[in-house]
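These notes are about the structure you will find just below.
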Amino acid sequence: MNQTPPVARATIIYESMFGSTHAVADAIADGLRSAATVTVLPVKDAPESFPDVDLVVIGAPTHAHGLSRPATRTEAGAWADDPGRQLTLEPDAEGIGVREWLDSLAEAPARFAAFGTRADMTELFTGSAAHSIEKRLQKLGSRRFVERQSFLVDKDSVLEPGQLELARDWGRTLATELQAPALR
Numbered sequence: 302m303n304q305t306p307p308v309a310r311a312t313i314i315y316e317s318m319f320g321s322t323h324a325v326a327d328a329i330a331d332g333l334r335s336a337a338t339v340t341v342l343p344v345k346d347a348p349e350s351f352p353d354v355d356l357v358v359i360g361a362p363t364h365a366h367g368l369s370r371p372a373t374r375t376e377a378g379a380w381a382d383d384p385g386r387q388l389t390l391e392p393d394a395e396g397i398g399v400r401e402w403l404d405s406l407a408e409a410p411a412r413f414a415a416f417g418t419r420a421d422m423t424e425l426f427t428g429s430a431a432h433s434i435e436k437r438l439q440k441l442g443s444r445r446f447v448e449r450q451s452f453l454v455d456k457d458s459v460l461e462p463g464q465l466e467l468a469r470d471w472g473r474t475l476a477t478e479l480q481a482p483a484l485r
């Protein structure tokens, strides 16, 4: 049986402090690969424009009700330094965050999907990085591809059970939408 390779191209940009958002980005990519060639990049390596990409998926951890700031990333670093917390900072955690990257974009992607990680509580109390990403990109003229998605972490910033499968499922939803005839 001859299988044709995916013709769509997707890029997933993520910011991750302790690995949960990175793991979610990889799981989304797993689900999306049936319909697209997928590139997964930490935000520090993200391009400023996407001329040859059909979909940009952007995710970040929720800090203080929205996207991280330099001060909240510094605080995350201090948490990782606390031996009582048993947290390991991602190698790419220091440096630019999604907030600053979005502010520096030369051109907004035509279509985007937003995701975030947040505490396992109602969004009213935690806020949502995904919501902040969505607002910023829509203000830049980018079109939302699907509803944003949040993935839940516990008080130690560890993904709750089932969240990686939920991320793969969301990636498959993105793949299905990319294959819709109206979007080709």
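Converting from the sequence shown to the numbering used here requires adding 301 to each position, the first position being numbered 1.
Here a beta-carbon is modelled for each residue, glycine too, at the ideal position from N, C-alpha and C.
Nothing here was measured: the structure is a model prediction, and the numbers come from that model.
Which residues mark the beginning and the end of the beta strand (DSSP E) in which residue i is found?
i	result
residue 325	Where residue 325 is concerned, there is no enclosing beta strand (DSSP E), although the alpha helix (DSSP H) it sits in stretches over 321–333.
residue 413	412–420
residue 309	309–315
So for residue i, helix, strand or coil by DSSP?
i	result
residue 399	helix
residue 338	strand
residue 354	coil
residue 371	helix
residue 360	strand
residue 390	coil
residue 479	helix
residue 472	helix
residue 383	coil
residue 408	coil
residue 466	helix
residue 349	coil
residue 485	Below a pLDDT of 50, predicted positions are generally treated as unreliable, and residue 485, at 45, falls in that range; the measurement from the model is reported next regardless. Coil.
Have a look at the DSSP bridge pairing and note the partners of residue i.
i	result
residue 445	413
residue 452	418
residue 428	366
residue 343	315
residue 460	454
Tell me where the alpha helix (DSSP H) around residue i begins and ends.
i	result
residue 423	Careful: residue 423 lies outside any alpha helix (DSSP H) and carries neither H nor E.
For my contact list, residue i and residue j are in at a C-beta cut-off of 8 Å; report their separation, rounded to the angstrom.
i	j	result
residue 341	residue 330	5 Å
residue 476	residue 452	The Cβ separation is near 18 Å, so there is no contact.
residue 369	residue 398	4 Å
residue 409	residue 443	4 Å
residue 355	residue 311	6 Å
residue 362	residue 430	6 Å
residue 455	residue 461	6 Å
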